[in-house]
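Peer 1: Heads up, the sequence shown is in the working numbering, so the first residue is 1371 and it goes up one at a time. Glycine residues also receive a C-beta, built at the ideal position from the N, C-alpha and C atoms.
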Amino acid sequence: MTADTLAAPRAPHRAPRKGVNLEKWGWIYMRVSGVLLVVLILTHLMVNLVLPENGVHALNFAFVTGKFSTPFWQWWDVLMLWLALIHGGNGMRTIINDYVHNQKVRTTLVAVVWIVVAFMVLGGTWVVFSFDPCFDGLGNPFQHEAGSMLAEMCAAQ
Ligand code: HEM
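1) For residue 1457, verify whether its CB is less than 7 Å away from any heavy atom of the ligand HEM.
2) Any idea what DSSP makes of residue 1512, helix, strand or coil?
3) Is there at least one Cβ from chain D nearer than 8 Å to residue 1459's Cβ?
4) Given a threshold of 16 other Cβ atoms within 10 Å of its Cβ, counted over all protein chains shown, does residue 1459 qualify as buried or as exposed?
5) Per DSSP, residue 1438 is paired with what?
6) I want to know whether the region 1397-1409 touches the region 1444-1455 - three or more CB-CB distances under 8 Å.
7) Can you confirm whether the region 1510-1523 touches the region 1424-1432 when touching is taken to mean that 3 or more C-beta pairs between the two stretches lie within less than 8 Å?
8) How big is the Cα-Cα spacing for residue 1439 and residue 1457?
9) Give the DSSP-derived three-state secondary structure of residue 1505 in the structure shown.
10) According to DSSP, simplified to helix, strand and coil, what is residue 1389?
11) In this structure, how does DSSP classify residue 1381 when only helix, strand and coil are distinguished?
12) Report buried or exposed for residue 1447, applying the criterion of at least 16 other Cβ atoms within 10 angstroms of its Cβ.
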């Protein structure tokens, strides 16, 4: 092929490599996680904002406490967190690879993206599974509004 002829659109641009094709699995991951995220996010919005009797006004600390007391919603939220952050991180990697031409800057930015993703995935997972409405993180009982259901529940512990 000379410089002034275009290759056929689907012609392989290099000899196929052996081993796992991460770029292909990344492409598949974006599609599969996208479909799952539609279900997870739409249900999340319905359950939190639309279905409660007072709609969006029902959303407060006690509401979140109630949800985080059930493994079902804990896993729902953690799945959403993992899928969305890895999806967003991989999407950012694609954008950086498309626009940043300097190899060192590109590698640094992609590394920063994955470090932030790892930090948020691990931190978020820790928060969801260790959440305790009666604990303020300094070893003291959390000060809930006197007379509230949460204040009574924490006092009874
Ligand atoms: C709600 C369901 C979602 C669906 C169906 C979806 C679907 C997709 C698909 C199919 C792609 C690949 C596009 C391509 O390769 O040309 C993509 C890219 C991307 N997604 Fe999502 N996504 C969803 C949610 C999210 C969320 C929650 C985030 C952020 C955390 C996000 C951030 C991105 C980014 C940054 C890209 C890269 C864009 C690009 O390549 O130009 N997406 N999305």
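Peer 2: According to the data block:
1) yes
2) coil
3) No chain D is present in this structure, which holds just one protein chain.
4) buried
5) Beta-bridge pairing links residue 1438 to no other residue.
6) yes
7) yes
8) 27 Å
9) strand
10) coil
11) coil
12) buried
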